[in-house]
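S.K.: Residue numbers (this note's numbering), protein chains in the order written: chain A, -7 to 247; chain B, 179 to 506. Glycine residues also receive a C-beta, built at the ideal position from the N, C-alpha and C atoms. Nothing here was measured: the structure is a model prediction, and the numbers come from that model.
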């Protein structure tokens, strides 16, 4: 199970500094939530970790080896990605899209093996998508397609999962079920790295929180230390209160 | 209906069209004469008409129609857009410029084809170079590069038309641009058909690449694909198919745009099935257009003009279907 380390990471695009001097370290078994206002650099950070962008400064190390030293296919066996669900879905069926998650193992020239089909069916069942498996993705709702993208990432069977706003578009029930699933994956030893805007759910399920502000780390640590009304009020520039009920913490706007 | 049904129906349809096309023409061949020919009998004149005049055209139409459709299917996957065609990177404008230049230099048959192929490749290379100048990854710079290259070579073609001899060369250029299979010969087929078949086979083998390139670049790369390299390979293959078809038959519009979309409506987007069906439908479509172009009137109607006519009608159907799917 790989450790992920960011060393003085910086990223500049067209003269604009997006991320600066980020040093973070994540271990297997963690569910890490990156939080930040829009434009704080969360998606850029995830794309850097995935090797989709090249850092302007610093390095990203996976088990002591720079991300950019990995071959694309090798990296796809370590890191799976659930992108922000913003593009029009391709017209393929749910089954076809999810089966693409096996590409890093079987390659492009070979047809699916029975074991690949078995993994696809298992994940589709786990995410409650079996009934949709023959439907074209263009006919799905935003939330359903979001779950399809998650299924494809799980089919990749990687030790690290990177998810960009996976809760967006999901109904409340699916948000809770998804976070519970990600929490379970973390407990099973995977490293789950995600961006989120729901402090209640992050408090309940995350093991580690990173607050990003203008491309810098404002604070990081366990949710009970990082997520309190005072810090989040300043962070989101909105007066907030929090209420502790049993082991949970709920946030609300101050009226 | 299963994809096997569509493939079988398209294959049978193409077979029937081939027989009809062999029989129809200014020198009609009856069904019994055709059967006689098939078993190695029949008179010498029928033999001559079928072997020397009709069969090369029919084979040419089948291979060119299939190649244009397969090439169009590949382009539509790479650009994630069902409304793009093999001409997107300027191959047709470049090929037309090459052919016009050769006619202006008094070149004959095969040299015009060769010049046209080179012109098409030059235009696409120019499009790639412009896309690199923009410096960003992704399909948008390629699209813009192709657009600029296409405009550039269209302007150069206009210049050649302007300086061409209006009584001799200009009509030859215009006739060539209208597209025709009348000049197809066995010699030309022997050279071009294997190359076209190889190109189509390679695209079919890489069907899964096309499926994955239909995703966003970030998704495809996170699944382990070297997106830039694969996209370039697919575009070079698909463009070469387009350039070769132009060198053989001139400019044949619409086939590469509409046929892949029609196949997609029938069997869905998976390229492993879509490309063979598009190939068969494209072959039938061009064969039908060519048979009509040589038999509807006393003098031959240019093939490009026929496909434009069929294409405009077909495009309306495609747009209706896109609207029904909620994608327009």
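Is the beta carbon of residue 248(B) less than 8 Å from the beta carbon of residue 378(B)?
M.R.: In contact: residue 248(B) and residue 378(B) (Cβ atoms closer than 8 Å).
S.K.: Can we say the segment 443 to 462 of chain B touches the segment 298 to 312 of chain B, given the rule of at least three CB pairs closer than 8 Å?
M.R.: No: the two stretches stay apart, fewer than three of their Cβ pairs being nearer than 8 Å.
S.K.: What residue ranges within the segment 480 to 504 of chain B form continuous alpha helix (DSSP H) runs of no fewer than 4 residues, ordered along the chain?
M.R.: As far as the segment 480 to 504 of chain B is concerned, its whole alpha helix (DSSP H) runs of at least 4 residues are 481 to 502.
S.K.: Find out if the Cβ-Cβ distance for the pair residue 243(B), residue 435(B) is shorter than 8 Å.
M.R.: No, the Cβ-Cβ distance between residue 243(B) and residue 435(B) is not below 8 Å.
S.K.: Based on DSSP bridge pairs, tell me the residues matched to residue 58(A).
M.R.: The partner list for residue 58(A) (beta bridge, DSSP) reads 53(A).
S.K.: For residue 24(A), tell me which candidate among 235(A), 153(A), 141(A) and 231(A) has the shortest Cα-Cα distance.
M.R.: With distances taken between Cα atoms, residue 24(A) lies closest to 153(A).
S.K.: Residues in its own chain within less than 8 Å of residue 132(A) by CB, not counting five upstream and five downstream?
M.R.: So the qualifying residues of the chain are 81, 86, 124 and 140.
S.K.: By the 10 Å Cβ neighbour count, where 16 or more other Cβ atoms means buried, how is residue 501(B) classified, buried or exposed?
M.R.: Counting Cβ neighbours within 10 Å, residue 501(B) comes out exposed, since fewer than 16 surround it.
S.K.: Under 8 Å between the Cβ atoms of residue 268(B) and residue 328(B)?
M.R.: Against a cut-off of 8 Å, the Cβ pair of residue 328(B) and residue 268(B) comes out as a contact.
S.K.: Tell me whether the beta-carbon of residue 246(A) lies closer than 8 Å to the beta-carbon of residue 232(A).
M.R.: Cβ distance < 8 Å, so residue 246(A) and residue 232(A) count as in contact.
S.K.: Classify residue 211(A) as helix, strand or coil using the three-state DSSP reduction.
M.R.: Strand at residue 211(A).
S.K.: Decide yes or no for the touch test of the segment 0 to 10 of chain A against the segment 48 to 62 of chain A: beta carbon pairs closer than 8 Å, at least 3 of them.
M.R.: Because the criterion of three Cβ pairs below 8 Å is met, the segment 0 to 10 of chain A and the segment 48 to 62 of chain A touch.
S.K.: Quick one, which of 333(B), 457(B), 215(B) and 466(B) has its alpha-carbon nearest residue 186(B)'s?
M.R.: Of the listed residues, the one whose Cα sits closest to residue 186(B) is 457(B).
S.K.: Determine the chain B residues that contact residue 73(A) at a beta-carbon separation under 8 Å, and present them in chain order.
M.R.: Within chain B, the residues near residue 73(A) are 396, 397 and 400.
S.K.: Quick check on DSSP: helix, strand or coil for residue 339(B)?
M.R.: Helix at residue 339(B).
S.K.: In this structure, how does DSSP classify residue 45(A) when only helix, strand and coil are distinguished?
M.R.: Coil.
S.K.: Whole angstroms are fine: how far does the CA of residue 287(B) sit from the CA of residue 361(B)?
M.R.: Computed Cα separation, rounded: 8 Å.
S.K.: With 7 Å as the C-beta to C-beta threshold (strictly closer), list the residues of the segment 342 to 353 of chain B near chain A in chain order.
M.R.: Listed by position along the chain: nothing, the set is empty.
S.K.: At what residues does the alpha helix (DSSP H) containing residue 234(A) begin and finish?
M.R.: Run containing residue 234(A): none in the alpha helix (DSSP H); it sits in the beta strand (DSSP E), 232 to 237.
S.K.: So is residue 137(A) in contact with chain B if we call contact Cβ pairs under 8 Å?
M.R.: With 8 Å as the cut-off, residue 137(A) does not count as an interface residue toward chain B.
S.K.: Going by DSSP, which residues form a beta bridge with residue -3(A)?
M.R.: DSSP output for residue -3(A) lists 17(A) and 53(A) as bridge partner(s).
S.K.: Just by C-beta distance, which residues in the segment 143 to 162 of chain A are closer than 7 Å to chain B?
M.R.: Within the segment 143 to 162 of chain A, no residue qualifies.
S.K.: Kindly confirm or deny that the segment 270 to 285 of chain B and the segment 408 to 427 of chain B touch, where touching means at least three C-beta pairs closer than 8 Å.
M.R.: Touching, per the Cβ criterion.
S.K.: Counting only C-beta atoms, is residue 92(A) closer than 8 Å to chain B at any point?
M.R.: Output row for residue 92(A): interface = yes.
S.K.: Anything in the segment 59 to 71 of chain A with a Cβ closer than 9 Å to a Cβ of chain B? List those residues in chain order, please.
M.R.: The segment 59 to 71 of chain A vs chain B, Cβ under 9 Å: 63, 64, 65, 66, 67, 68, 69 and 71.
S.K.: Residues in the same chain with beta-carbon distance under 6 Å from residue 405(B), minus the five sequence neighbours each way, listed in chain order, please.
M.R.: Excluding sequence neighbours, residue 405(B) sits near 395, 398 and 399.
S.K.: At a CB distance below 9 Å, what residues from the segment 42 to 57 of chain A approach chain B? Give them in sequence order.
M.R.: Cβ contacts with chain B: 42, 43 and 44.
S.K.: Would you kindly work out how many angstroms separate the C-alpha atoms of residue 189(B) and residue 196(B), rounded to a whole number?
M.R.: Approximately 11 Å between the Cα atoms of the pair.
S.K.: Spell out the partners DSSP gives residue 128(A) in its beta bridges.
M.R.: For residue 128(A), which the question treats as bridged, DSSP gives the partners 85(A).
S.K.: Counting contacts by CB-CB distance shorter than 8 Å, is residue 262(B) in contact with chain A?
M.R.: Not closer than 8 Å to any Cβ of chain A, the Cβ of residue 262(B) fails to qualify, so no.
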